[in-house]
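A short write-up of the structure that comes next.
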Amino acid sequence: MVRAGIFMNQSIFLLVILVIILIIRKHKKIDICKCLSLLWSCYFILHFTVFDYPIGGKIASYMFENYSSVPELFRHFNFIPFHTIGECIDSGLQTFIRQVFGNIILFVPLGITVSWIFEQKSFRYRMYFIVTISVLIEITQLFLDLCSGMVVKSVDVDDILLNSLGGLMGVCFLGFLIWCYNYVRSKSALRQVKKQ
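Residues in the sequence shown are numbered from 31 upward in steps of one, following the numbering used here.
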């Protein structure tokens, strides 16, 4: 099982690298720093969401041997917006911080990276990219839960909402830093002109 987990980690990581390569081929102006930044952001997310699933060697045959377990698994998934967030609020501060803030913070680095790489793209394009990554993560978790026959990482629509909020915060944070930099730079240039 450990070997299967390691193999899955390596496979997913190679898949991420493949995605990065495809992005670079499409956007040839992306430099190596931006490439590595996006790679690290994706790995950071995958580390907490997809890696280390306790899947044995019968992954491919599970769906054919456990038809009755599939409907039971879906009972543990949440497709109602804000349902899990409400439960976290009722469960106490510690659970709220771990579940809600954890999902938000998880996508902040990706928001910063996406905003940096696709600086020439529109705000809507960046958010589409972030939401797509979040949806793909949930789909992957759903597939792995079905394959393992247990709920390891709960599939939850609230995760997509919170991840998207985290990505939005990352985009806005980098935008704010750029605005501050440009503001200070313009003020400095204006002072230089006045001195002359």
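Beta carbons are placed, not taken as given, at the ideal position from N, Cα and C, and that holds for glycine. Just so it is clear, the structure is predicted and the values come from calculations on it, not from any experiment.
Less than 9 Å separates the beta-carbon of residue 161 from that of residue 193. Distances from the CA of residue 72 to each of 125, 122, 139 and 135 were compared; the closest alpha carbon is that of 139. DSSP places residue 111 outside any alpha helix (DSSP H), giving it a letter other than H or E. Residue 80 places its beta carbon 9 Å or farther from that of residue 141. Taken through DSSP and simplified to helix, strand or coil, residue 61 comes out as coil.
By the CB criterion at 9 Å, residue 148 and residue 156 fall inside the cutoff.
With respect to the C-alpha of residue 195, the residue from 128, 176, 135 and 173 having the closest C-alpha is 135. A direct Cα-to-Cα measurement between residue 173 and residue 126 gives close to 26 Å.
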